[in-house]
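As structure tokens, the structure follows; a few thoughts come after it.
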Amino acid sequence: MGRRKKIVHGEKKLPSLPWELIEEILSRVPPQSLGLFRIVSKKWNTLFDDKTFLNNHKSTFRFVLRTTSKLYSVSIDPKVVVRELTLDIPNTSERLVDCGEFLLCCMGYRGSAVWNPWLKQAKMIKSESYLRIEHGIGYESHVGVKESGYMTIGSDPDEYGNTNPWKIHDFATGAWEELKLGYVDSSGGSKRAMLCTRNGVSCNGNLYWVAYYNKTDPLYHLREFEFSSQRRSAFVAKAMPCNKED
1 MGRRKKIVHG EKKLPSLPWE LIEEILSRVP PQSLGLFRIV SKKWNTLFDD
51 KTFLNNHKST FRFVLRTTSK LYSVSIDPKV VVRELTLDIP NTSERLVDCG
101 EFLLCCMGYR GSAVWNPWLK QAKMIKSESY LRIEHGIGYE SHVGVKESGY
151 MTIGSDPDEY GNTNPWKIHD FATGAWEELK LGYVDSSGGS KRAMLCTRNG
201 VSCNGNLYWV AYYNKTDPLY HLREFEFSSQ RRSAFVAKAM PCNKED
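Sequence positions in the sequence shown follow UniProt numbering and run 1 to 246.
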């Protein structure tokens, strides 16, 4: 009887694929399934949080368009592709705020919802008051979103339309925090800049609005709010290199 060949497991390894090819393959995996691959390795886990990878994913769109009754996603892959989106949120949103990869859906006294169009998931936020206005989503930029978690800021307009007090909602705990906010102008004073729009633009965790001081002010200003607990006390306005006639 011939001698049996002893099979030693683990001696031969499958040839590894180039990392660029792995990224290309993963970019075609449905977003809902990507989370299952986080445990493969630290490198894969880090990849799924990389903004470049997310932007290049085949299901990622560049921006959202809204008509009176419908929402559309617009992507470039490499040609322009427009798809209709369905909001998995009960009731009709009175106002939508585009904040990075999220949509903040404001429904007045019924509360709000944060919708992730990429994963098609929504999280409801119970409103604390009637006609609550949500302005945007952010996080503590100095520690990153993983450590601080996402937060949203909103206001309770009084009968005269003044947006005070301002409040922050923490997604992790569901708690509300009332803020006593001051105003810091471009010269270091306390002059209050008026918002041109209620919708804040999210960038690196902070929120920004285009604002002005009065109707005769020739310059636009950028009003900034930081979610950092150390700097969560004031709106800071910075002069912009353009005027209202540009």
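By construction, the Cβ of each residue, glycine as well, lies at the ideal position given by its N, Cα and C atoms.
CB contact flag (residue i, residue j, <8 Å)
{"i": "residue 112", "j": "residue 228", "result": "no"}
{"i": "residue 17", "j": "residue 66", "result": "no"}
{"i": "residue 35", "j": "residue 136", "result": "no"}
{"i": "residue 222", "j": "residue 210", "result": "yes"}
{"i": "residue 120", "j": "residue 171", "result": "no"}
{"i": "residue 117", "j": "residue 73", "result": "yes"}
Per-residue DSSP class, three states only, for residue i
{"i": "residue 167", "result": "strand"}
{"i": "residue 140", "result": "coil"}
{"i": "residue 16", "result": "coil"}
{"i": "residue 35", "result": "helix"}
{"i": "residue 48", "result": "coil"}
{"i": "residue 226", "result": "coil"}
{"i": "residue 110", "result": "helix"}
{"i": "residue 126", "result": "coil"}
{"i": "residue 26", "result": "helix"}
{"i": "residue 21", "result": "helix"}
Exposure of residue i, with buried meaning 16 or more beta-carbon neighbours within 10 Å
{"i": "residue 19", "result": "exposed"}
{"i": "residue 33", "result": "exposed"}
{"i": "residue 125", "result": "buried"}
{"i": "residue 152", "result": "buried"}
{"i": "residue 106", "result": "buried"}
{"i": "residue 80", "result": "exposed"}
{"i": "residue 47", "result": "buried"}
{"i": "residue 82", "result": "exposed"}
Cβ separation of residue i and residue j, assumed to be a contact under 8 Å, to the nearest whole Å
{"i": "residue 205", "j": "residue 138", "result": "5 Å"}
{"i": "residue 134", "j": "residue 179", "result": "At roughly 14 Å, the Cβ-Cβ gap does not stay under 8 Å, so residue 134 and residue 179 are not in contact."}
Chain-order list of residues whose beta-carbon lies under 6 Å from that of residue i (same chain, five-residue window excluded)
{"i": "residue 226", "result": "206"}
{"i": "residue 177", "result": "168"}
{"i": "residue 99", "result": "136, 137, 202"}
{"i": "residue 208", "result": "201, 222, 224"}
Contact set for residue i: own chain, Cβ-Cβ below 8 Å, skip 5 residues either direction
{"i": "residue 41", "result": "none"}
Neighbourhood of residue i by C-beta distance below 7 Å, restricted to the same chain and skipping five residues each side
{"i": "residue 70", "result": "84"}
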